[in-house]
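Report on the following structure.
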Amino acid sequence: MNIQRWIARREKSWKQLDALLNQVEKRGLKTLEAHQIRELASLYRSVSADLARARSQNVGQLLLQDLQSLASRSYAQIYQGSRRQEWQSILEFYRWGFPAAVQRSAGYIALAAALAIFAGLVSWWLAWQDSTFLSLIVPQDLIVQVRDRQELWMGSIVGIEPFASTNILINNIQVSFMALAGGITAGLLTTYILLLNGALIGAIAALVGQNNLAYPFWAFVFPHGSLEIPAIFLAAAAGLLLARAILFPGQYRRVDALKLYAQQSAELIFGVVPMLVIAGFIEGFFSPNPGVPDLLKYIVGTGLFIGLMVYLRQQNPVRAKHSAGDLGK
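Mind the numbering: the sequence shown is residues 21 to 349 in our numbering, read in order.
Given below as structure tokens:
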């Protein structure tokens, strides 16, 4: 198939469909006349066929994304007009779409995790060896509380759980969106956030380890950290995707590369927000609760992390079946 000739022949229909969809999305389906509704349905069937053909040909990721967008928008207007169906679409995203986005972004997530872990290990070693370095990273009042009074600071949350949970959630969302927005700085701000948070965790780990408080400290961290820390890595990966578009647009113009990778970044962020909401609730109400045994906190945290990994590794059986069918042809 001559790709360029096929695109030139089909592009007019795609533009007609896009124009109809823009009208429907802005003013509603009722603004269309009868012949326009029939045309919308006909164009939707044709773009679905074009999408199927494009998937079997080397047409380029950007065109494939545009056709997918047209098909999805058409389907939403023709078959999913009700709010109930819109909710079903959201549930479908969190069931299959978010794990798929994570799997596509695995390399960026691994890079984000590696940067934070590297900073954490270096910071831990330096803080363990030199108390001066520790004081540069960790606030002095926190050092005094742990070293001199042999106390952790989580007890301050007890009694103000709703307020603390809300503040924790807001802070985590701010950090995540900063990590995402950092991609616009060619990834410099995203990298800084990863290194800073990694260094802080490493230094605190050295502080509590030196004062025999590591077990209760990590018991506090495990339940919410099993979701919160991966969420930060995912948000940072979204920022690194934007940085990739700016620094290495490849065959695309930078504006087209940003359009391509911004959608993938948005999918990651949409998935991250519920993770942070759950983590904030756990950190406010469960993690600091002195009535919960530390062992149970470790068990809950480990279980949440394993459950998260299983969820993120799942694949849509319908899409997997289609992919297997395409390979068999």
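Ideal placement from N, C-alpha and C gives every residue a C-beta, glycine not left out.
If you're wondering where the values come from, they're calculated on a predicted model, not measured in any experiment.
Secondary structure at N192: helix, using DSSP grouped into helix, strand and coil. When the five nearest sequence neighbours on each side are left out, the beta carbons in the same chain lying within less than 8 Å of the beta carbon of T322 are those of F242, S246, in order along the chain. According to the DSSP assignment, N42 belongs to the alpha helix (DSSP H) that extends over 23 to 47.
In the three-state scheme derived from DSSP, where H, G and I count as helix and E and B as strand, Q77 is classed as coil. Assigned with DSSP and collapsed to three states, S94 falls in helix. Taken atom to atom, the span from the alpha-carbon of S66 to that of L332 is near 33 Å.
Note on S285: 16 or more other CB atoms within 10 angstroms of its CB, so buried under the neighbour-count rule. With a 10 Å radius around the Cβ and a threshold of 16 neighbouring Cβ atoms, H244 comes out buried. Here P313 is exposed. Its C-beta has fewer than 16 other C-beta atoms within 10 Å.
With contacts defined by Cβ atoms closer than 8 Å, A299 and A132 do not form a contacting pair. If you draw a straight line from the Cα of G229 to the Cα of R274, it comes to about 47 Å. When only Cα atoms are considered, R47 and H55 end up about 17 Å apart. A direct Cα-to-Cα measurement between N22 and A74 gives close to 12 Å. Straight across, the Cα-Cα distance linking F153 with Q194 is about 27 Å. A straight-line Cα-Cα distance of about 9 Å links A251 and L288.
Per DSSP, Q149 is one residue of the alpha helix (DSSP H) stretching across 126 to 149. With contacts defined by Cβ atoms closer than 8 Å, L41 and S109 do not form a contacting pair. In this structure, A136 sits near L214, with a CB-CB distance shorter than 8 Å. If you draw a straight line from the Cα of F290 to the Cα of D168, it is about 43 Å long.
Counting C-beta atoms within 10 angstroms of its own C-beta, F268 has fewer than 16 neighbours from the protein chains shown and is therefore classed as exposed.
When the Cα atoms are used, Q43 and V320 turn out to be separated by approximately 50 Å.
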